[in-house]
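The next block holds one structure in the form of structure tokens; read it before the comments.
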Amino acid sequence: MAGKQKNEFVQLGGVLCAITLVVALCLGAVNAITVEPIAKQNQIKTENALAQVMDADSEPIEVAEGTTVKTDKGTDVEIVSAYKMTKDGQDAGYCVEVAPTGFGGGVDTMVGISADGTITGISIISASSETPGLGANSTKPEFQDQFAGQPADGTVAVEKDGGSIVALTGATITSRAVSEGVNAAAKFAAEQG
Amino acid sequence: MSFGKNLKEGLFTNNPVLVQLIGMCPTLATTTSVINGVGMGLSATAVLICSNIVISLLRKFIPNKVRIAAYITVIAGFVTMIDLLLQAFIPSLSASLGLFIPLIVVNCIILGRAEAFASKNSVGASAVDGLVMGLGFTFALVVMSVVRELLGAGTIGGGLITVFSQPATIMILPAGGFLTLGFVIAVMQKLLKKGE
Amino acid sequence: MYDFSKVVITSSPHIKSKEDTQSIMLDVLIALIPSLAVSTYIFGFRAILMTVVSVAACMVFEAIYDRIVGKPNTIKDLSAAVTGVLLAFVCPVTLPYWMLIIGDGIAIIVAKCLFGGLGKNFINPALAGRAFLLASWPVAMTTWVRARSSVGLISNSTEALDAMTSATPLAIIKGTAEGELPSIASMFLGSIGGSMGEVSAIALIIGGVYLLVRKVITIHIPAAYIGTVAVLTFLFPQGGLGHLESMLYSLFGGGLMLGAFFMATDYSTSPVSRKGQVVFGIGCGLLTVMIRYFGGYPEGVCYSILLMNTTVWLIDKYTRPTKFGAPAKQKKEG
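Residue numbers (our numbering), protein chains in the order written: chain W, 1 to 193; chain Z, 1001 to 1196; chain Y, 2001 to 2334.
Shown next as structure tokens:
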């Protein structure tokens, strides 16, 4: 009896093992085909965002995972990645990708900061956790374009808080978050020297 | 059974979403625009056909006691492949469907058809079943997403044509999904009754 | 043998009353008149037109639905009219008419008729309509004009509206909007920005007292609701206000009075027993303060009543009164 049961276990295990083995082999093959295109897609996405905020060559700076910067207003903003920008061999400033907390989660934003201390532009990569029709409108150019030319000294703010950014209608929280993200990026860039 | 009859069953009389009421999670979550609906529907159809064929092939080989584990392994394998392929070659769709592609693994339609049909029928019949059930799922998603996109975003065809400028945003939020599903099922039931 | 043929035999209860749905609903409508009058004084004739449009839309939707499903026409019971007035009252006066009509459709068809009509709906139709409108057109639903500003009767341009907008007192207290807090007296009387029928606390209290006197509602839900909000906002003042100030602003601001007297007391969406009604009122009050203090919106009356509506079955289950003559419950012996 015991022997028969043992046999059954071996048989069941064997069959499952065989199936998983075959599936794993197939997955490995697909992964080998797709690993390169996926990496390329991610790179294109970052490059597009970079090109949108600053017209220069980028070189990534190492940022430890979970790095946060505290702005002058006391908000903690996560730094996702950062790039040192050069144009024609000249120092052109930094691009910093930040994820300030908006209404429903992180608002992934690329911020360009020129060497002379102004914001060259921002590009909101993803605002998918914001409310559709309100905070999600932050990806529209009318909103993003306001940030170009702002000073990179931590004073970017919406009109209600004494700044000059016109907040999105009905989405003050998202607008504030993006402003704070820009300030955090400026501070991070300043710390890099 | 002829293919036409099969198709009618998958699309209408035994539609997985609108009649069997399975696979609700992706139906509600991904139907915010037609592109997403079609993308989800076709991805699930691809997985369904592949998994039905493989499970039907293996139906005599897989012991009854571990069948669910075996099915899930096969399904998860196909889903992961689709996920990787989408990320590599259709990144925009992959970005908007996000989490819901991996969730095809636990889509009741796929495991349901594996258990109820593919494990008992020939390879050919299982492939046809996967195709018609997948198309039925896609059909339901398209109907839902056309309604929701039109009312909730004011556009047709995944944002191609803007119809009006002040859409009822709630329709592309989860609450609107439930509302739409209720009405679509009601209309479907009415039509089916008429057809009898 | 007795001749039973002339005896009318009915089942209990045998109490006769002239009250019927129509007379009750008529009382509710009368009770809402002071508020409509104040609203018209503050926001102009558009307030009346909005109310009329909303009532008409609700009645038409109900008549159409009854026609489609082959039910007897129920618009004469006036319950649709009450829903129409209430929905208009919880919207800003500047809301486009077509949005209001869609809200009426959701309220009557989805929230009321599909669940079986009057008495079978599980959530307040007017509030369901408002929740739908707020999620759909959040900007239009939160554009408040200052009191006594000249609002166009038919349409309003965005520029004209922008010039007239003012923040609601609750939003100012919460800090989500900039502005000067109006005096408590003007909040009590109603010369502030806000939803049409919510601005004047005094007019709503007059209406509420009328309903109490006419025995259309009992004091339990409003007292428990308003009392809970009063106690909580007195104990935990918000926005740098004093205890008493915080309490008064919270009581007279937003839709608390309208909600407590006219919405939370809706028969089919509130508990049956007195004890249950008190529990329901306290729940509404708790949720209102929670949403006002910690939620994304400055106002929480609508959602708190809707949420409590969904718990009515549970409250009813646990507050069922003992039957007359039934043996007292015996404690289980360990």
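We put the CB at the ideal spot given by N, CA and C, even for glycine. Bear in mind that the values here come from a model prediction, so they are computed numbers and not experimental data.
Bridge-paired residues (DSSP) for residue i
i         : result
Ser123/W  : Met110/W
Glu59/W   : Lys84/W
Lys70/W   : Asp76/W
Gly2084/Y : Paired residues: none, contrary to the question.
Tyr94/W   : Lys84/W and Ile113/W
Val2145/Y : Thr2165/Y
Thr118/W  : Pro151/W
Val158/W  : Ile165/W
Thr101/W  : Gly106/W
Distance CB(residue i)-CB(residue j) smaller than 7 Å
i         : j         : result
Phe1137/Z : Ala1044/Z : yes
Thr1031/Z : Met1144/Z : yes
Gly1157/Z : Ile1172/Z : no
Phe2261/Y : Pro2271/Y : no
Phe2061/Y : Ile2108/Y : yes
Val2216/Y : Ile2024/Y : yes
Ala2224/Y : Ile2305/Y : no
Leu27/W   : Gly1130/Z : no
Thr109/W  : Gly181/W  : yes
Val2229/Y : Val2301/Y : no
Leu2127/Y : Met2257/Y : no
Asn1014/Z : Ala1118/Z : no
Glu196/W  : Val80/W   : Nothing about residue 196/W can be reported from this structure: the residues present for chain W run from 1 to 193 only.
Val2401/Y : Val2028/Y : Residue 2401/Y is absent from the model: chain Y starts at 2001 and stops at 2334.
His2243/Y : Phe2234/Y : yes
Ala1127/Z : Ile1049/Z : yes
Leu2189/Y : Ile2202/Y : yes
Ile1022/Z : Ile1109/Z : yes
Ile2075/Y : Ala2063/Y : yes
Residue i: contacting residues in chain W (beta-carbon distance under 7 Å)
i         : result
Lys1065/Z : Leu12
Phe1089/Z : Pro37
Under 7 Å by beta carbon: chain Z residues contacting residue i
i         : result
Asn137/W  : What Asn137/W touches in chain Z: nothing, since even the nearest Cβ is about 11 Å away.
Ser2136/Y : Ala1168, Thr1169 and Ile1170
Val80/W   : Neighbours of Val80/W on chain Z: none; closest Cβ ~16 Å, over 7 Å.
Val23/W   : Thr1073, Val1074 and Gly1077
Partners in chain Z for residue i, counting only beta-carbon separations shorter than 8 Å
i         : result
Val2110/Y : Leu1179
Cys26/W   : Gly1077 and Met1081
Ile19/W   : Leu1058, Ile1062, Ala1070, Thr1073 and Val1074
Leu16/W   : Val1066, Ala1069, Ala1070 and Thr1073
Anticipated Cβ contact below 8 Å, residue i with residue j, distance rounded
i         : j         : result
Ala2147/Y : Ser2183/Y : Actually they do not touch by this definition, with Cβ atoms about 12 Å apart.
Ser126/W  : Thr174/W  : Wrong, their Cβ atoms sit about 12 Å apart, outside the cutoff.
Ser2166/Y : Gly2207/Y : At roughly 25 Å, the Cβ-Cβ gap does not stay under 8 Å, so Ser2166/Y and Gly2207/Y are not in contact.
Gly112/W  : Gly121/W  : 5 Å
Ser2136/Y : Ile1170/Z : 4 Å
Val1047/Z : Ile1082/Z : 6 Å
Lys2112/Y : Pro2125/Y : 4 Å
Tyr94/W   : Pro60/W   : Contact flag wrong, Cβ pair sits at about 11 Å.
Pro2298/Y : Leu2170/Y : 4 Å
Ala115/W  : Ala92/W   : 6 Å
His2153/Y : Leu2049/Y : According to the sequence as given, residue 2153/Y is Leu; it is not His. Indeed they touch by this definition, with Cβ atoms about 6 Å apart.
Met2373/Y : Tyr2249/Y : The question about residue 2373/Y has no answer, for chain Y in this structure spans 2001 to 2334.
Met2059/Y : Ala2080/Y : 5 Å
Val2090/Y : Gly2295/Y : Not really, about 17 Å apart at Cβ, beyond 8 Å.
Thr2311/Y : Ile2123/Y : Not really, about 11 Å apart at Cβ, beyond 8 Å.
Thr1073/Z : Thr20/W   : 6 Å
Ala167/W  : Lys160/W  : 7 Å
Interface partners of residue i on chain Z, CB under 9 Å
i         : result
Val119/W  : In the sequence as displayed, the identity of residue 119/W is Ile instead of Val. Residues of chain Z passing the Cβ test: none, with the nearest at roughly 26 Å.
Phe2122/Y : Those do not exist, as Phe2122/Y stays about 15 Å from chain Z at its closest Cβ, beyond 9 Å.
Gln43/W   : Residues of chain Z passing the Cβ test: none, with the nearest at roughly 11 Å.
Amino acids of chain Y, ordered along the chain, whose beta-carbon sits closer than 7 Å to that of residue i
i         : result
Gln1189/Z : Chain Y residues near Gln1189/Z: none, gap ~14 Å exceeds 7 Å.
Residues that residue i contacts on chain Y, provided the C-beta gap is smaller than 8 Å
i         : result
Ala1029/Z : Neighbours of Ala1029/Z on chain Y: none; closest Cβ ~17 Å, over 8 Å.
Ile1185/Z : Under the 8 Å cutoff, chain Y gives no residues; its nearest Cβ is about 12 Å from Ile1185/Z.
Residues that residue i contacts on chain W, provided the C-beta gap is smaller than 9 Å
i         : result
Leu1084/Z : Leu27, Val30, Asn31, Ile33, Thr34, Val35 and Ile38
Residues that residue i contacts on chain Y, provided the C-beta gap is smaller than 9 Å
i         : result
Ala1175/Z : Ala2131, Phe2132 and Ala2135
Point to revise | Contained alpha helix (DSSP H) runs [length at least 4] in the stretch 2192 to 2238 of chain Y, N- to C-terminal order | key: 2201 to 2213 and 2220 to 2235
**Study point:** Completely contained alpha helix (DSSP H) runs for the stretch 1098 to 1178 of chain Z, where each covers 4 or more residues
**Key:** 1108 to 1113 and 1123 to 1153
Check your understanding: What are the start and end residues of each continuous alpha helix (DSSP H) run of 4 or more residues lying completely inside the stretch 2069 to 2141 of chain Y, in chain order?
Key -> 2079 to 2089, 2097 to 2105, 2125 to 2136 and 2138 to 2141
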